[in-house]
Amino acid sequence: MRYRSTRGASPAVGFGDALLGGLAPDGGLYLPESWPQLPPLAQSGGPTGSYQELAASVMAPFAEGEIDAVDFASLIADSYAAFDHPEVCPLVRIGERHWLLELFHGPTLAFKDVALQLVGRLFDHELRRRDERVTIVAATSGDTGSAAMEAVRGLDRIDIVVLYPHGRTTEVQRRQMTTLEEPNVHAVAVDGTFDDCQDLVKAMFADSAFARRVRLGAVNSINWARVMAQIVYYVWAQRRVSEAIAGPGRALPVAFCVPTGNFGNVYAGHAARRMGLPIRRLMVASNTNDVLTRLIRSGELAVAEVVPTLSPSMDIQISSNLERLLHELFDGDGAATAGFLTRFRSHGRVALSGDQHRRLAAEFSGACLDDDDTVEVMRRTYERTGRLVDPHTAVGVGAAERLRRSDEPLVTLSTAHPAKFPEAVIRATGTTPELPAHLGDIMDRPERSVRLPADLEAVRRYVQEAGSA
Ligand SMILES: *Cc1c(COP(=O)(O)O)cnc(C)c1O
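Here my numbering is used: the first residue of the sequence shown is 109, the next is one more, and so on.
So this is what it looks like as structure tokens:
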């Protein structure tokens, strides 16, 4: 499989280069040149197959010719061995034809582990093969950082520097980043918003001399391998739900509702659809930072101030993965995609054509919930089902209830464990969610981080030192 840039101005590359490069040299994001079709059920573990078997068969075409199939399967098996549920991503029913897909059974209790546990191992595998090393820099609104650090800690070919917005993560999120002991992981509190952190990371990559010298790598949600790993659980959920409703071997169309910020998770669902998964509708769930749901409704992409909410991992106004969908709406025209984004950058708002908007709205719908709505959904869900849900998941559940038409089978992605956001859970339900045993002492562990201004020079100097230590 070859990968090309959404901006069309740099050469196509293989899987290993797309993995290690993250962003394409022209500033675009990598996309596979064509969509492989999903393997038939019988070739992907059958109706009783494991998540790992399905993952190996769904992802194989993306790394074909570069990673040996047996090696790939063993990386996958390792990646999910530490998940605390045998099904890796279990489904639980919360209503009439409505399921939660629990994506938080990995080490940091958020869905990002599902992709990053694999991406860390893929990096290690590829770096060994090339006899190279990298310094990964990542911006996080809270969850990506710890998931990335957890995925690469202790690996001797990788250093990682994670920028997070000072004071804008929850305490559990911060401690998951600042309490790791391995010397190859570095947490940096930036005086600014998540978008500032993301801009700093982008600027470091844009300076190609610096990026080459430090051998920068990215594992942010722009990395193609993360999208790839997330495709799997859409297939998994559709097959499990079809089976629950219609019996083994049946394939029903399923609707998904995805709480989103960077558009990474929901884009993976769209990719699954392009690979042939019968997804009738993808519902985009936003908090008050509703740039995506406004785009779907109005066809206009317009930034606003970032507002802190109870679901901080979605407090994002510039959704980096949207570029992959825009590339499709511009019929693969890289120059037109790049032009649209440049206009957006300089004017803060830009409109799709009527035809592009119609195509977008035919495949996506969107709804947003403010904090009061979110708390209300958490309370109601607890009352009705006895389940505590985290605020991100609650945004998804609330949006799904609003957007749902008919009795189509519906899966809402549950993106974090409730114990990751205890303040919100307590406020909504009066009940304190329990941390899983492996994180039980996190409030007592010593913290280690540095604090820097949102200044490119200062951050660049720090990254360079971290990478050469
Ligand atoms: C990162 C995150 C999201 C948003 O995911 P995107 O890929 O940015 O759309 C939602 N919920 C939780 C808990 C997250 O950590």
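Here a beta-carbon is modelled for each residue, glycine too, at the ideal position from N, C-alpha and C.
Fully enclosed by the stretch 176-203, which alpha helix (DSSP H) runs are 4 residues long or longer?
Here the runs fully enclosed are 177-189.
Within 7 Å: the Cβ of K220 and any heavy atom of ligand 1?
Flag set: Cβ of K220 near ligand 1.
Looking only at its chain, what residues have a beta carbon closer than 8 Å to the beta carbon of T537, apart from the 5 residues adjacent to it on each side?
M486, R487, Y490 and L496.
Is L437 near L460, with beta carbons less than 8 Å apart?
The answer is yes: Cβ separation under 8 Å.
Please list the terminal residues of the continuous beta strand (DSSP E) segment that includes M391.
Note, M391: beta strand (DSSP E), I387 to S394.
Pull up the CB-CB distance for T252 and P367, whole angstroms please, since I reckon it's below 8 Å.
Not a contact, Cβ separation roughly 15 Å.
Can you list, in chain order, the residues of its chain whose CB lies under 7 Å from that of V335, leaving out five sequence neighbours each side?
Answer for V335: G372, Y375, A376 and A379, listed in chain order.
Could you give the residue range of the alpha helix (DSSP H) that holds E471?
Per DSSP, E471 belongs to the alpha helix (DSSP H) from G462 to E471.
Please state if the CB of V349 and the CB of V519 are separated by a distance shorter than 8 Å.
Yes, the pair counts as a contact, with Cβ atoms nearer than the cut-off.
Entirely within the stretch 201-269 and at least 4 residues each: give me those alpha helix (DSSP H) ranges in chain order.
Segments of the alpha helix (DSSP H) lying fully in the stretch 201-269: 220-238 and 251-260.
Which two residues bound the contiguous beta strand (DSSP E) that contains L139?
Counting along the chain, the beta strand (DSSP E) containing L139 begins and ends at Y138 to P140.
For a quick check, are the C-beta atoms of T445 and L434 less than 8 Å apart?
Going by C-beta atoms, T445 is nearer than 8 Å to L434.
Leaving aside the five residues before and after R229 along the sequence, list all residues of the same chain whose C-beta is less than 7 Å from its C-beta, in chain order.
Cβ within range, chain order: L183, D186 and S187.
Looking at C-beta atoms only, is the number of pairs between the stretch 335-346 and the stretch 382-390 that lie closer than 8 Å three or more?
Enough Cβ pairs lie closer than 8 Å, so yes.
Is S421 a contact residue of ligand 1, with contact defined as CB to any heavy atom under 7 Å?
Checking every heavy atom of ligand 1 against the Cβ of S421, one is found closer than 7 Å.
Please state the DSSP three-state secondary structure of P526.
In this structure, P526 counts as helix in the three-state DSSP scheme.
Is the Cβ-Cβ distance between V411 and L400 less than 8 Å?
It is not a contact, given that the beta carbons lie outside the stated cut-off.
Give me the residue from G494, A475, A502 and D481 with the minimum Cα distance to R510.
That would be A475, whose Cα lies nearest to the Cα of R510.
Quick check on the DSSP output: the beta strand (DSSP E) that includes R553 runs from which residue to which?
Premise fails: R553 is in no beta strand (DSSP E) and is neither H nor E.
Which stretch, first to last residue, makes up the alpha helix (DSSP H) that contains V349?
Per DSSP, V349 belongs to the alpha helix (DSSP H) from W332 to A354.
With a threshold of 7 Å on Cβ separation, who are the neighbours of S152 within its own chain once the five nearest residues in sequence on each side are excluded?
Contacts found: E161, L162, S165 and V166.
Does DSSP classify L518 as helix, strand or coil?
In the structure shown, L518 sits in a strand (DSSP, three-state: E or B).
For ligand 1, I want to know if P367 counts as a neighbour, meaning its beta carbon is within less than 7 Å of at least one of the ligand's heavy atoms.
Yes, Cβ of P367 sits closer than 7 Å to a heavy atom of ligand 1.
Grab the span of the alpha helix (DSSP H) containing A359 for me, first residue to last.
Element bounds for A359: n/a, residue is neither H nor E.
In whole angstroms, what separates the C-alpha of R405 from that of V567?
Using only the alpha carbons, I get a separation of about 38 Å.
I believe A326 touches A259 by the beta-carbon criterion, under 8 Å. Please report the beta-carbon distance rounded to the nearest angstrom.
That pair is no contact at about 13 Å.
Mind reading off the beta-carbon distance from V298 to P273? Whole number of angstroms is fine, and I expect it under 8 Å.
About 6 Å separates the two Cβ atoms, so the contact holds.
Quick check on DSSP: helix, strand or coil for L418?
Coil, per DSSP.
Flag this pair as touching only if the stretch 276-290 and the stretch 547-565 have three or more C-beta atom pairs under 8 Å; answer yes or no.
Output reads yes: the stretch 547-565 touches the stretch 276-290.
Once DSSP output is grouped into helix, strand and coil, what is the label at V497?
It is coil, neither helix nor strand.
Just to check, is the beta-carbon of V374 closer than 7 Å to a non-hydrogen atom of ligand 2?
Of the ligands this structure carries, namely ligand 1, none is ligand 2.
Take A574 and list the residues in its own chain whose beta-carbon comes closer than 7 Å to its own, dropping the five residues that flank it on each side.
So the qualifying residues of the chain are T243, D267, V269 and H294.
Out of K220, D498, E289 and V503, which has the shortest C-alpha to C-alpha gap to N328?
Among K220, D498, E289 and V503, the Cα nearest to that of N328 belongs to K220.
Mark V533 as exposed unless 16 or more other C-beta atoms lie within 10 angstroms of its C-beta, in which case mark it buried.
Its Cβ being crowded by 16 or more others within 10 Å, V533 is buried.
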